[in-house]
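Remarks on the structure that follows.
Protein chains: 2
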Amino acid sequence: MKVFLFDCDGVLWHGNTLLHKIVDTLDMLRSKGKQIVFVTNNSTKSRRAYKKKLDSLGIPAEVDEIFGSAYSSAVYIKRVVKLPADKKVYVIGESGIEEELESEGVRYFGGTDPEERKVMQEEDYTNFVPDPEVGVVLCGLDNHINYRKYAKAFQYLQDPNTLFLATNVDSTFPNKGKLFPGAGSISAPLSYMSKRVPISLGKPSQAMMDAVEGKFQFDRKRTCMVGDRIDTDIKFGIAGGLGGTLAVLTGVATEEDILNAGPEGAPDAYLDKLSDLLR
Amino acid sequence: MKVFLFDCDGVLWHGNTLLHKIVDTLDMLRSKGKQIVFVTNNSTKSRRAYKKKLDSLGIPAEVDEIFGSAYSSAVYIKRVVKLPADKKVYVIGESGIEEELESEGVRYFGGTDPEERKVMQEEDYTNFVPDPEVGVVLCGLDNHINYRKYAKAFQYLQDPNTLFLATNVDSTFPNKGKLFPGAGSISAPLSYMSKRVPISLGKPSQAMMDAVEGKFQFDRKRTCMVGDRIDTDIKFGIAGGLGGTLAVLTGVATEEDILNAGPEGAPDAYLDKLSDLLR
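Line by line, the protein sequences give chains L and H.
All residue numbers for the first sequence refer to our numbering, where the first residue is 1 and numbers rise by one.
All residue numbers for the second sequence refer to our numbering, where the first residue is 1001 and numbers rise by one.
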């Protein structure tokens, strides 16, 4: 294996706590000439903001080693969809999405604009004028989700020419030992209203794998996906035809989950913890 | 037929405009001794508030002739579920739900409480303490929906003993000629997260029919459902085993829809407009 794609939470850290000897393990891999990519479905942070998180935990990393679902979405819109320059994106989500769209030179509106956070008033129902430049609705995790955003996105999604994208479709996301609504829950009303399923740019969607490959040009057969979840990380690696998949037991999946995953869904190998690679 | 259950929008009015000779038609039915019940999935208004809407359009009506999905939910919780007095309801929705829960003496919190409308802060993730008295999560249309409410409702719904109710599950609701998110879209994230399907207390759910019957004690075989939608109103009447179903073409369904509805789904009769009953 030449390239290691790492899921982060549950593999490298829990919340704000670094797991056992993670820095040593990554150093060891780097010293052997392995390329490291941090692959995360977290869309609220841009790669730049994510690097700060890695810095704060003491993990050496470059911005270019980070691949989040917000960046994945921006790359997909710019390089795969090739959204025309006269079109733009209506964003439901936080600043991570905005920063990554900017980094790829994609025009957008919505997002963290304070106007979007206002309660919908009676006149807003009447006065809504759709912007003919909208070509994409992109929905990610949004701590400021509200009725206005859903109403607005739905007006655009009724046009079948408007592309419907989601940074990822995780139903929940873990925080401080509890589960909270994930990006897929935020986009659920849009799916329910429009009877459309968004293209997901997060794991396990292969649209994300295509975006990662588009950026890093790696050899899939010499690439290994490392993660703590069978249904996202390991599935992502297997569906992508990677050379290897490695599960760790420091996150969501238990040894039982792995043994019950069946020949189609099980990782090639699993470890109690990532730092067992040091042995 | 002795009893007529009327859907309202698209049958009696459009938005704030009364349809042709509606008052005369209802007068005629009343003069023949027919009982009238206005059945609506709108949960944002209590029966009392809905009577004001009827008053403003010049339709004579009593509060007791009105049956909305907020009231339906309150009746269901009180008389069908028989929620114990030491249990309460966590409400996502507007004042219509609160007023109807109060009218049935059901304890609740959430709803229009200004604390519920605040943006979720980092400490809220840590500090959430579930209220052990919660026995029901009830979700209706909520113009002030936000991340905090979803996060909170989800904590309760992870307990399988917490009942999951929705005032109705309409994906959209029409306003000023456009479609906006309906109550079913508001509850969609809760279904997606919890992998649970709410019991709906609105048309076409038979839980609503049971609640209507619980209140009015009518003879189903001498009751006719009148509506403009095949998939909610007419379905509601047919599934409820009512003596008759009557569609009108002043709302959503077209003549073609009715002719294509098939023997299982078609109404017993249809009219261009309700006032054709006067002829």
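Quick reminder that beta carbons are idealized off the backbone N, C-alpha and C, glycines included.
- Using a Cβ distance threshold of 8 Å, Lys-1045(H) and Gly-1068(H) count as a contacting pair.
- Among the residues of chain H, those whose CB is under 7 Å from the CB of Tyr-192(L) are Ser-1171, Gly-1184, Ser-1185 and Ala-1188, following chain order.
- In this structure, the beta-carbon distance from Phe-154(L) to Leu-190(L) falls below 8 Å.
- When DSSP states are grouped into helix, strand and coil, Ala-1207(H) belongs to the helix group.
- If you draw a straight line from the Cα of Gly-1015(H) to the Cα of Ala-1049(H), it is about 15 Å long.
- Secondary structure at Ala-61(L): coil, using DSSP grouped into helix, strand and coil.
- Boundaries of the alpha helix (DSSP H) harbouring Ala-1151(H): 1147-1157, taken from the DSSP string.
- Contact between Phe-1218(H) and Val-1080(H) is ruled out by a C-beta separation of about 17 Å, above the 8 Å threshold.
- The Cβ of Pro-181(L) sits closer than 8 Å to at least one Cβ of chain H.
- Under a criterion of Cβ atoms nearer than 7 Å, no residue of chain H is adjacent to Phe-38(L); the nearest Cβ is some 23 Å distant.
- Taking a Cβ-Cβ cut-off of 8 Å, the neighbours of Met-1120(H) in chain L comprise Asn-143, given in sequence order.
- Counting C-beta pairs with one atom in each stretch, the segment 255-262 of chain L and the segment 228-238 of chain L have three or more that are closer than 8 Å, which means they touch.
- Take the alpha-carbon of Pro-1174(H) and the one of Met-1193(H): they are about 27 Å apart.
- In the three-state reduction of the DSSP assignment, Lys-1034(H) falls in the coil class, being assigned neither a helical nor a strand state.
- Apart from sequence neighbours up to five positions away, the residues of its chain that approach Val-1252(H) with a beta-carbon distance below 7 Å are Gly-1010, Asp-1228 and Arg-1229, ordered along the chain.
- Separation of the CB atoms of Ile-186(L) and Asp-142(L) is rounded to 5 Å, and the pair is thereby assigned contact status at 8 Å.
- For Thr-1017(H), not one C-beta of chain L is nearer than 8 Å to its own C-beta.
- The beta-carbon separation of Pro-198(L) and Ala-151(L), rounded to 17 Å, does not stay under the 8 Å limit for a contact.
- Between Asp-1272(H) and Leu-1249(H), the alpha-carbon positions lie close to 5 Å from each other.
- Taking a 10 Å sphere around the C-beta of Leu-1026(H), we find 16 or more other C-beta atoms and assign the residue as buried.
- Annotated three-state conformation of Phe-128(L) is coil, per DSSP.
- The segment 1085-1101 of chain H and the segment 1056-1067 of chain H do not touch, with fewer than three beta-carbon pairs separated by less than 8 Å.
- Close partners of Lys-1176(H) in chain L (Cβ separation under 8 Å): Tyr-125 and Thr-126.
- Gly-1182(H) counts as buried, since no fewer than 16 other beta carbons sit within 10 angstroms of its beta carbon.
- If you draw a straight line from the Cα of Ile-36(L) to the Cα of Phe-6(L), it is about 7 Å long.
- Judged by beta-carbon spacing, Leu-1018(H) lies within the 8 Å limit of Gly-1058(H), meaning their Cβ atoms are closer than that value.
- Contact check between the segment 1238-1245 of chain H and the segment 1207-1226 of chain H: three or more CB pairs, one atom from each, fall below 8 Å, which counts as touching.
- For Met-1225(H), there is no enclosing alpha helix (DSSP H); the residue is part of the beta strand (DSSP E) that begins and ends at 1223-1227.
- Here the alpha carbons of Gly-184(L) and Phe-1164(H) stand approximately 20 Å from one another.
- Under the three-state reduction of DSSP, Thr-1112(H) is assigned to coil, being neither helix nor strand.
- Taking 8 Å as the cut-off, the beta carbon of Val-1137(H) is found closer than this to the beta carbon of Leu-1157(H).
- For the segment 40-52 of chain L, there are no residues whose beta carbon sits under 8 Å from a beta carbon of chain H.
- Interface flag for Asn-1260(H) against chain L is unset, since no Cβ pair is found closer than 8 Å.
- Rounded to whole angstroms, the Cβ separation of Lys-1215(H) and Val-1075(H) is 6 Å, and the two are in contact under 8 Å.
- When secondary structure is reduced to three states using DSSP, Phe-1218(H) falls in the coil class, being assigned neither helix nor strand.
- The criterion of a C-beta distance shorter than 8 Å is satisfied by Phe-1180(H) and Tyr-125(L).
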